[in-house]
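According to the working numbering, the residues represented by the sequence shown are 26 to 173, in order.
No residue lacks a Cβ here, since even glycine has one placed at the ideal position from N, Cα and C.
Computed from a predicted structure; not experimentally measured.
Data first, discussion second: the structure below is written as structure tokens.
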Amino acid sequence: MAGEKQEAPWPVGSMHFSVTIGDHGEIAFQKVTGLKMTYQIVEYRAGNSIDFSNVKMPLAQTFSDVYLTKGMFKDDKVLMTYMQSVKLNAIKRETVTIKLLDEEHSPIFTWTLKNAFPKEIAFGEMDAMKGSFAIEQIVLTHEGLSLE
């Protein structure tokens, strides 16, 4: 029946989550994208190898920027203030936690961004022909991603 707690084998829904940015606390976002980790790869082939293919080896990890999107509210300037706090190599790096929540608001998965700081802020388009809401998006860059 609708609204009841679902049991396995159903996949976890992605619409109920929370985001906490260091000292700025929990901020309600509409959308989170960019939770991605990749390994740089180096290819090598020894001169005496009998195989006619390269060996691929992992190097350093790289992490994608994380995009956080939310609606704009009157007198809510937390993201712009956060962005303006960036100074040449003097930014306070924050721990950012993103929690995917269940029906009881308990975390199912928790992603943690290490040493995150804002890289970009963007504001949605304004169009008198559309009845949409004003949105803002902040892009965070970071030095590590872990999943609990």
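Can you look up residue i in the DSSP assignment and give me helix, strand or coil?
i	result
MET82	strand
GLY47	helix
ILE160	strand
ILE75	coil
VAL42	Here residue 42 is Phe; the residue named in the question, Val, does not match the sequence. Strand.
GLY96	strand
LYS124	strand
LEU113	coil
GLU119	strand
VAL91	strand
What span of residues does the beta strand (DSSP E) with residue i cover, start to end?
i	result
MET62	62-69
SER171	170-172
GLU145	132-148
VAL57	56-58
For the alpha helix (DSSP H) that contains residue i, what are its first and last residues?
i	result
GLN109	103-109
Would you report the Cα separation of residue i and residue j, rounded to the nearest angstrom?
i	j	result
LEU126	VAL37	9 Å
LYS144	GLY72	44 Å
TRP35	THR58	22 Å
GLU129	SER39	14 Å
VAL91	THR137	11 Å
LYS124	GLY47	14 Å
LEU93	VAL111	17 Å
THR106	PHE77	56 Å
PHE158	LEU60	25 Å
THR166	ILE146	12 Å
GLU68	MET62	19 Å
ASP101	ILE52	11 Å
Taking the beta carbon of residue i as the centre, do at least 16 other beta carbons fall within 10 Å, making it buried, or is it exposed?
i	result
VAL44	buried
ILE66	exposed
GLU161	buried
VAL80	exposed
LYS95	buried
ILE133	exposed
PHE54	buried
Query raised in the report: Between the segment 140-157 and the segment 114-122, do three or more beta carbon pairs fall short of 8 Å?
Result: yes
Requested in this report: Would you check if there are 3 or more beta carbon pairs closer than 8 Å linking the segment 69-84 to the segment 144-159?
Outcome: no
**Report entry** Touch test, the segment 162-173 against the segment 78-95, Cβ-Cβ under 8 Å, three pairs minimum
**Finding:** yes
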